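Per my numbering, residue 471 is the first one in the sequence shown, and the count goes up by one each step. Quick reminder that beta carbons are idealized off the backbone N, C-alpha and C, glycines included. All figures in this text were calculated on a predicted structure; none of them were measured in a lab.
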Amino acid sequence: MVDHYGTVRGSLQAGAVTYFAFLSFFPVLALGFFVVGQVSKLFDGADDALAEALEQLLPGIVGDDPGEMSVETFQSAAAVAGIIGLVGVVYAGLGWLSAMREALVVVFELPQREQPNFVLGKLRDLVSLAVIGTTLVLSVAVTGFVSGFAGDLLAWIGLDQELAPLLELMTYVLGFGANMLLFFTLFKLLAQPHAPNRALWGGALLGAVGFEVLKRISFLLLAATQESEAFQVFGIALILLVWINYFSRVVMYAAAWAHTAPEARAVRDREALDADRSDLAMKELAHVQLRETPEGGHGSRVDPKVAFAAGGASMLGLVALVRRRKEKP
């Protein structure tokens, strides 16, 4: 996996993704608070639940401590930022989506596909962005909702408050599962690799683990960044940029793991073998056609043995081609 990551220049691919991800972060955050602001009119405490989930997702970046982005800043401007955030999400999000797709295509070593026309391409990207965004929102919302309303949930289902730690453990499990779903969606929807789902889920598992580790060590990362002179100039933007870059690297490592999994290698080996068989069958058929010899005025005659061999080779090529198409996920 590590060798493949270096071969495809995974860090370089992550750098390209980081640029557009950084641009889309603030519009996404503003839009998120706008949506939650509307939801909070129906459910009290939704703002606090979102704030807590964001603090868990981006520890040391979003919070109330000095040098961190206060959630109240976004909440106060959420109404105005809703429309602006939507426009920013569409613009920056589509750029991020395109960069992420190109990076994953390189990591999965896929051939460049024919691009649809501009309108269809943007519509396809909008649908993909909506699906990925919904998955990400659910990942944050589930964690924030369960942790923020743990006591109310226990009271609602009639359980003792002493079971709150168990419910909190379930919160982490649900969040971890949502993270796995996010990585799997990125692989399946953007790259569409020729790899079985088992390999993709394995990469998603590694990505979710790496994502959780990244969140746990964020304080160390932030402490190291704050000591640099550049932090005095760029402040929290530099920390956010570093964090996004490391997350993008986690995505590339997870994709490299999925691509180099034994199941994925087996599929590629079978596809290569079927392609060789198909090419051999076509060459045999062309060779038989060249050996046709005309006799008098009665057209051409082919040796029955040669005709039988050609038919067998053609059938072998057809079976290999059909099998290859069926094995593609």
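**Prompt:** Within this structure, are the beta carbons of L656 and I602 separated by less than 8 Å?
**Reply:** Within the sequence shown, residue 656 is the residue found at index 186, counting from 1. Within the sequence shown, residue 602 is the residue found at index 132, counting from 1. Yes.
**Item:** Local conformation of E579 per DSSP, three classes
**Value:** Here residue 579 corresponds to residue number 109 of the sequence shown, with the count starting at 1. Looking at E579 - three-state DSSP - the assignment turns out to be coil, as it is neither helix nor strand.
**Message:** Quick check on the DSSP output: the alpha helix (DSSP H) that includes F681 runs from which residue to which?
**Reply:** Counting from 1 along the sequence shown, the entry for residue 681 is found at position 211. From DSSP, the alpha helix (DSSP H) with F681 extends over N667 to R686.
**Nearest to R583 (by Cα), restricted to the options A491, G565 and Q662** = As a working note, residue 583 is residue 113 in the sequence shown. Answer by Cα proximity: Q662.
**Prompt:** Based on Cα-Cα distance, which residue from S568, A736 and A674 lies nearest to L593?
**Reply:** On the sequence shown, residue 593 is found 123 positions in, with the first residue counted as 1. It is S568.
**Message:** For D595 and L564, what's the separation of their Cα atoms in angstroms?
**Reply:** In the sequence shown, the residue the question calls residue 595 occupies position 125. In the sequence shown, the residue the question calls residue 564 occupies position 94. The alpha-carbon atoms of D595 and L564 are separated by roughly 7 Å.
**Message:** So the candidates are L580, S688 and A728; which of them puts its Cα closest to the Cα of L675?
**Reply:** Within the sequence shown, residue 675 is the residue found at index 205, counting from 1. Closest option to L675, Cα to Cα, is A728.
**Closer than 7 Å: L676 CB and nearest the ligand SAH heavy atom** = Absence of the ligand SAH from the depicted structure is noted, as is the absence of any ligand whatsoever, leaving it without description.
**Prompt:** Over what stretch of residues does the alpha helix (DSSP H) that includes T730 continue unbroken?
**Reply:** Taking the sequence shown and counting its residues from 1, the one referred to as residue 730 is at position 260. Taken as a continuous stretch (DSSP letters only), T730 belongs to no alpha helix (DSSP H), as it is neither H nor E.
**Request:** Determine the DSSP secondary structure at H664, reduced to helix, strand or coil.
**Result:** Counted from its first residue, the sequence shown places residue 664 at position 194. In the structure shown, H664 sits in coil (DSSP, three-state: anything other than H, G, I, E or B).
**Request:** Under 8 Å by Cβ, that's how I've got Q483 and V577 pegged, so tell me the actual separation to the nearest angstrom.
**Result:** Position 13 of the sequence shown, counted from the start, is the residue given in the question as residue 483. Position 107 of the sequence shown, counted from the start, is the residue given in the question as residue 577. Confirmed, about 7 Å.
**Prompt:** Buried or exposed: where does G645 fall if 16 or more other Cβ atoms within 10 Å of its Cβ makes it buried?
**Reply:** As a position in the sequence shown, residue 645 is number 175, starting the count at 1. When all chains shown are included, G645 counts as buried.
**Message:** Does the structure place the region 472-483 close enough to the region 722-736 that three or more beta carbon pairs sit under 8 Å?
**Reply:** yes
**Request:** Could you tell me the distance, in whole angstroms, from the CA atom of H664 to the CA atom of V737?
**Result:** Sequence index remark: in the sequence shown, residue 664 carries index 194 (1-based). Sequence index remark: in the sequence shown, residue 737 carries index 267 (1-based). So the two alpha carbons sit approximately 7 Å from each other.
**Prompt:** What first and last residue would you give for the alpha helix (DSSP H) that runs through V472?
**Reply:** Taking the sequence shown and counting its residues from 1, the one referred to as residue 472 is at position 2. That run of the alpha helix (DSSP H) goes V472 to T477.
**Burial state of A742 (16 or more Cβ within 10 Å)** = Taking the first residue of the sequence shown as position 1, residue 742 is located at position 272. Per the 10 Å Cβ criterion, exposed.
**Message:** Can you find the residues in the same chain that come closer than 8 Å, C-beta to C-beta, to E579, ignoring five residues on each side of it along the sequence?
**Reply:** Walking along the sequence shown from the start, residue 579 turns up at place 109. These residues qualify, in order along the chain: V478 and H729.
**Asked** Given F654, which residues of its chain have a CB within under 7 Å of its CB, disregarding the five upstream and five downstream residues?
**Response** For the purposes of this step, residue 654 is taken as the residue at position 184 of the sequence shown. Counting only Cβ-Cβ distances below 7 Å, and skipping sequence neighbours, we find L670, W671 and A674.
**Request:** Could you check how far apart the C-beta atoms of K493 and A573 are, in whole angstroms? I think they sit under 8 Å.
**Result:** If you number the sequence shown from 1, residue 493 lands on position 23. If you number the sequence shown from 1, residue 573 lands on position 103. Looking at the sequence itself, residue 493 is Leu, so the reference to Lys does not match. Actually they do not touch by this definition, with Cβ atoms about 16 Å apart.
**Request:** Using 10 angstroms around the beta-carbon of I714, count the other beta-carbons present and answer buried if the total reaches 16, otherwise exposed.
**Result:** Here the question's residue 714 lines up with position 244 in the sequence shown. Classification for I714: buried.
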